[in-house]
Amino acid sequence: QMIEEFMLLANKTVAWFVEGLRTDEGTPPFIYRIHEKPSSEKMQKFSEFLEALGFKVKLTGRVTSKNLSTFLNKIRGTNEELVIENVMLRSLMKARYDTDNAGHFGLAFKFYTHFTSPIRRYADLEVHRLLKLYTADGWQEKIKPGLEKKLDDICQQISEREVVAQEAERTSVKMKQVQFMADKLGEDFDGIISGVVHFGIFVEIVDYLVEGLVHISDLDGVYEFEEKTYTLRSVTTNHAFRIGDPVRVKVVRADPDESVIDFILVEKKERKQKRAKSRSRKARAAK
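Below is the structure:
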C-alpha cells in the first residue's frame, strides 16, 4: 500500500511539474495517462442495473469518482458487491495515453502520468526523457520541431500495444490454467460464479483461481438471460444464477488446443446473507 501511494504521488507530481511550465503558448508537449469521465449513456444504464437490484442511486448528470467510491463503500461486504463492481468497471472508460490532458477520473487526479511503477513501461522511459529536457537550462530552445506530433504517435502506439499485451497476458494465463486442470478431470471443486452470459455461467475455482464455463445446455431446465441484472433465470421456477453465487462444479473438459475449461454443475450453494458495511478504500479503477 505504501509503495502504491508513493508511485501515485510521484506520477502526479511529475505531471503537475510539467503543468507548472505552462506559458502563453501553452504547456510543453508531454505524455499524460488519462481516464476520461464515463458517458452519460453508460451511467444511465448502470443506474438502471442498480435499480433492478433494489438500489436507488442517481448516477446521471455530473458523476464523480467520489460518488462511485462512496456507493461502493456502502455495499462493501454485501452479496451484490462482486456483481456491482464488475458491471461498474465495464461502465467506465479505459485509461490511455494522450498528449491532451483530460485528467484521471478513476483516481480523481487533475494531472497524472506514468513516470514510475514497480515495472518499467515505455511511457515511463519517454516521460523520463521529457523530464530531463524540461529541467535543463534553456529547455524552451531545445525542443525539437515536431516533438508534439512524435508524442502523439507514441501515445497511440503504446495505448494500442497495452491492449495487445493485456490480451497476451490473459491468453498465457488461460493456457497455463488449462494445463494445470488437465489431470483433474472428474474432480469436484468449490467455486464462485464470476460471470453470467446468455450461453452459460463462468465459475472461478476458489482454491486455484481457475475459471471455466458451465454451458447453459448443461443446466437442468430452461434458463433465460436477464441482461439488466446479469442473471440466468429459470423460465419455470424462480431459480437463478448471479455473479457471486457459491457453487460446486465438476471438471469435464480441459482442452489445451482450444484453451477451454468446461465444468458441469454439481450443486448451487446458498448464499450467506450479508449486510452492507462501510470501510474506506480509495478508488484505484483503471489506473
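For the sequence shown, my numbering begins at 32 and goes up steadily by one.
We treat Cβ as the ideally placed atom computed from N, Cα and C, and that holds for glycine.
With 16 other Cβ atoms within 10 Å as the buried cut-off, status of residue i
i	result
Ala-154	buried
Val-194	exposed
Asp-286	exposed
Met-212	buried
Pro-60	buried
Arg-312	Because Arg-312 carries a pLDDT of 36, less than 50, the predicted location of this residue cannot be relied on, and no value is offered for it.
Tyr-239	exposed
Phe-37	exposed
Lys-305	Note on Lys-305: pLDDT 49, under 50, position unreliable in the model; no value is reported.
Arg-127	buried
Ile-150	exposed
Asn-132	buried
Gln-32	exposed
Thr-262	buried
Nearest residue (CA-CA) to residue i, options the options
i	options	result
Phe-272	Pro-287, Asp-293, Asp-286 and Phe-230	Phe-230
Glu-50	Leu-156, Tyr-165 and Arg-107	Tyr-165
Ala-83	Asp-129, Gln-210, Thr-260 and Arg-279	Thr-260
Ser-122	Ser-96, Pro-176, Lys-141 and Glu-36	Ser-96
Phe-220	Arg-201, Val-228 and Val-241	Val-241
Asp-168	Lys-105, Glu-298, Phe-294 and Leu-52	Leu-52
Glu-157	Ala-133, Pro-149 and Asp-184	Asp-184
Phe-48	Ser-190, Gly-85, Thr-268 and Lys-163	Lys-163
Glu-16	Glu-200, Ala-199, His-246 and Phe-140	As shown, the chain starts at 32 and ends at 318. That puts residue 16 outside it, with no answer to give.
Asp-276	Ile-295, Val-283, Gly-226 and Arg-284	Gly-226
Val-228	Asp-214, Ser-248, Val-237 and Asp-131	Ser-248
Glu-56	Met-74, Arg-284, Lys-76 and Gln-171	Gln-171
Asp-288	Thr-262, Arg-201 and Gln-210	Gln-210
Leu-81	Thr-54, Thr-58 and Asn-117	Asn-117
Lys-43	Leu-113, Ser-148 and Asn-98	Ser-148
His-246	Arg-284, Asn-269 and Thr-267	Arg-284
Arg-152	Leu-113, Ile-224 and Gln-188	Gln-188
Val-182	Thr-109, Gln-197 and Leu-161	Contrary to the premise, residue 182 reads as Leu rather than Val in this sequence. The shortest C-alpha separation from Leu-182 is found at Leu-161.
Leu-113	Glu-200, Gln-197, Ile-224 and Thr-54	Ile-224
CB of residue i within 9 Å of CB of residue j, strictly
i	j	result
Ile-65	His-159	no
Ser-264	Glu-255	In the sequence under discussion, the amino acid at residue 264 is Arg, which differs from the Ser named in the question. Their beta carbons are under 9 Å apart, which means Arg-264 touches Glu-255 by this criterion.
Gln-208	Ile-274	no
Gly-92	Ser-71	yes
Leu-244	Phe-233	yes
Leu-103	Met-119	yes
Lys-281	Glu-218	yes
Ser-290	Lys-205	yes
Val-253	Arg-279	no
Leu-7	Leu-250	Residue coverage of the chain in this structure runs from 32 to 318, which leaves residue 7 outside it and unanswerable.
Asp-129	Ser-203	no
Phe-294	Gly-222	yes
Phe-86	Ile-115	yes
Whole-Å CB distance - residue i paired with residue j, under 8 Å assumed
i	j	result
Thr-144	Ile-62	6 Å
Ser-100	Leu-90	Ser-100 to Leu-90, Cβ: 12 Å. No contact.
Ala-46	Phe-142	4 Å
Val-94	Met-74	5 Å
Fill in: Every unbroken beta strand (DSSP E) inside the region 84-162 [3 residues or more]
Restricting attention to beta strand (DSSP E) runs no shorter than 3 residues, the region 84-162 encloses them at 127-129, ordered along the chain.
Item to complete: Could you pull out every unbroken alpha helix (DSSP H) segment of at least 4 residues lying fully inside the region 234-264, listed in chain order?
Response: Fully enclosed alpha helix (DSSP H) runs of 4 or longer: not present.
Worksheet item: Which runs of the beta strand (DSSP E) fall wholly inside the region 163-227 and span at least 3 residues, in chain order?
Response: Here no run is fully enclosed.
Item to complete: Kindly provide the ranges of any beta strand (DSSP E) runs that are 3 or more residues long and lie completely inside the region 47-88, ordered along the chain.
Response: Here the runs fully enclosed are 63-65.
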